[in-house]
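*Asks:* Mind the numbering: the sequence shown is residues 1 to 421 in the UniProt record's numbering, read in order. Cβ atoms here follow ideal geometry from the backbone N, Cα and C, with glycine treated the same way. All values derive from a computational prediction rather than experimental measurement. This is the structure I want to talk about, given as structure tokens.
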Amino acid sequence: MISGRCILDHCLQSILSGRDACQGLCGCDFSTLKSATSRRIGRRRPEIRAAESWFLPVLMARIPSLKSLNAFPHAEEHLLKKTYSGAIVTIFGLIIMLTLFVHELKFYLTTYTVHQMSVDLKRGENLPIHINMSFPSLPCEVLSVDAIDMSGKHEVDLHTNIWKLRLDRYGHIIGTEYLSDLVEKEHGAHHHGRAVGTEYPGFKIDHGHEHHDEAKKHEHTFNEDAEKMVKSVKQALENGEGCRVYGHLDVQRVAGNFHISVHGLNIFVAEKIFEGSSHVNVSHVIHELSFGPKYPGIDNPLDHTTRILHDTSGTFKYYIKVVPTEYRSLSKKVLPTNQFSVTEYFVPIRPTDRAWPAVYFLYDLSPITVTIKEERRNFLHFITRLCAVLGGTFAMTGMLDRWMYRLIESVTNSKTRSVLR
1 MISGRCILDH CLQSILSGRD ACQGLCGCDF STLKSATSRR IGRRRPEIRA AESWFLPVLM
61 ARIPSLKSLN AFPHAEEHLL KKTYSGAIVT IFGLIIMLTL FVHELKFYLT TYTVHQMSVD
121 LKRGENLPIH INMSFPSLPC EVLSVDAIDM SGKHEVDLHT NIWKLRLDRY GHIIGTEYLS
181 DLVEKEHGAH HHGRAVGTEY PGFKIDHGHE HHDEAKKHEH TFNEDAEKMV KSVKQALENG
241 EGCRVYGHLD VQRVAGNFHI SVHGLNIFVA EKIFEGSSHV NVSHVIHELS FGPKYPGIDN
301 PLDHTTRILH DTSGTFKYYI KVVPTEYRSL SKKVLPTNQF SVTEYFVPIR PTDRAWPAVY
361 FLYDLSPITV TIKEERRNFL HFITRLCAVL GGTFAMTGML DRWMYRLIES VTNSKTRSVL
421 R
């Protein structure tokens, strides 16, 4: 005979499974059995919750093969042995890790540049020229700055700002003069013989007429102001006075040149002062020469260039190739400027030459423009490099610790055996 408890358990299982097959066994309706079952399940819920708490550890214990995958085994505390050699290796490894971490962090924070080249498409823009030069052997009164492009005309006009500073024989500043005579001039057959009255009101020159003989063309007279000016320049030369020329020029973006010389003087006045072109000393120091604003890392090859002549004279020619450049910073700001390369050439002056010494800067523009982009390294690359160097250091210190421990143990054991003998 089936007991009542067995019938009830059978009905409970039927209700839990959603069946009503127990209705004929226990003689009660389905709703009554369902309410009884609910009360019994409610009484067993704490047991179910307790089973959930120990189920996972039991499951892990029944899968012993899972422990074999542990890459970080742990030993009991009483099985570990700490040594002085291990402490020394640990300190040494920490110092190396800290050093490598600082190096990698600095490497990550440091930006780098990427260079790209393309065809220069700029048109109708000006080319800025910044100059800062010293002439230790020429006074400011005799120096002039001229700039000529391929058309043969000066491009130095109202946009030009050039200053001259008087220097003593030791290079100290003793005065300031604004160079206001840089206006558009024609350089033709009378390049060295233009009317002195235009440049120096104290001088008078009579060019004569074309049908006059050569002697009539070069009749010159000097008034008192002219004589005073010549004496002043000669006195400055005797005192070793020099001149510093600095400022900027705005010229067209075409090939041309600018030069600094005594060409501003009338040729006869220059003869009166220097007594021959071979006595014009164009020794100079280029403190700065650039073709646009500077950007980080730019290297202008003529900066801090010194050329001093002794017992000779001549003309310096610097052949410059200007390369248009754009610098793009991390903030996406674009700085248009120019780089340049240079080749230097010196032509000595002979006593029979009629040319006057000068310093020429002959420039030409490259059809290629360079774009320099400032970029920062990827953070994931930084993490990868950091893990590599720190992990490698940790592995090497572990190997070093084991080698030192075995070495010390072998030495200690050998001494112990020798004492026992």
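Out of curiosity, what's the CA-to-CA distance linking residue 445 and Pro367?
*Replies:* Any property of residue 445 remains undetermined from this structure, which presents the chain solely from 1 to 421.
*Asks:* For a test of the three-state rule: what should DSSP assign to Asp401, helix, strand or coil?
*Replies:* In this structure, Asp401 counts as helix in the three-state DSSP scheme.
*Asks:* Among the residues of its own chain, which have a CB less than 7 angstroms from the CB of Tyr327, if the five just before and after it don't count?
*Replies:* Contacts found: Tyr295, Leu335, Thr337, Ile372.
*Asks:* Give the straight-line distance between the Cα atoms of Val280 and Asn239, rounded to the nearest whole angstrom.
*Replies:* 15 angstroms
*Asks:* Taking just the CA atoms, how far does His115 sit from Lys164?
*Replies:* 38 angstroms
*Asks:* Straight-line CA distance for Leu127 to Leu330?
*Replies:* 26 angstroms
*Asks:* Among the candidates Leu302, Lys317, Phe291, whose CA atom is the shortest distance from the CA of Ala358?
*Replies:* Selected option, being the one with the closest Cα: Lys317.
*Asks:* Rounded to a whole number of angstroms, what is the C-alpha to C-alpha distance between Leu289 and Pro348?
*Replies:* 24 angstroms
*Asks:* Does the segment 300-316 come close enough to the segment 338-346 to have 3 or more Cβ pairs within less than 8 angstroms?
*Replies:* yes
*Asks:* List the whole-angstrom C-beta distance separating Arg307 from Glu241, where the pair is believed to meet the contact cut-off of C-beta under 8 angstroms.
*Replies:* No, Arg307 and Glu241 are not in contact; Cβ-Cβ is about 19 angstroms, not under 8 angstroms.
*Asks:* Judging by CA-CA distance, which residue of Tyr405, Gly292, Leu249 is the nearest neighbour of Lys81?
*Replies:* For Lys81, the closest of Tyr405, Gly292, Leu249 by C-alpha to C-alpha distance is Tyr405.
*Asks:* In the structure shown, what three-state DSSP assignment does Asn378 receive?
*Replies:* Coil.
*Asks:* Going by the CB atoms, is the gap between Ser277 and Ala355 shorter than 8 angstroms?
*Replies:* Cβ atoms of Ala355 and Ser277: closer than 8 angstroms.
*Asks:* Please classify Pro139 as buried or exposed, where buried requires at least 16 other C-beta atoms within 10 Å of its C-beta.
*Replies:* buried
*Asks:* By a C-beta neighbour count over all protein chains shown, 10 Å radius and 16 as the cutoff for buried, is residue 428 buried or exposed?
*Replies:* Given a span of 1 to 421 for the chain in the structure shown, any question on residue 428 remains unanswerable.
*Asks:* Closest to Thr393 by C-alpha separation, out of Glu271, Arg253, Leu94, would be which residue?
*Replies:* Leu94
*Asks:* Taking C-beta to C-beta, are Asn161 and His248 nearer than 8 angstroms?
*Replies:* Contact: yes.
*Asks:* Going by the CB atoms, is the gap between Pro293 and Lys122 shorter than 8 angstroms?
*Replies:* Cβ atoms of Lys122 and Pro293: not closer than 8 angstroms.
*Asks:* My guess is that Asp146 and His263 are in contact by the Cβ rule of under 8 angstroms, so how many angstroms apart are they, rounded?
*Replies:* About 6 angstroms separates the two Cβ atoms, so the contact holds.
*Asks:* Where Val251 and Lys321 are concerned, what is the direct C-alpha to C-alpha distance, given to the nearest angstrom?
*Replies:* 15 angstroms
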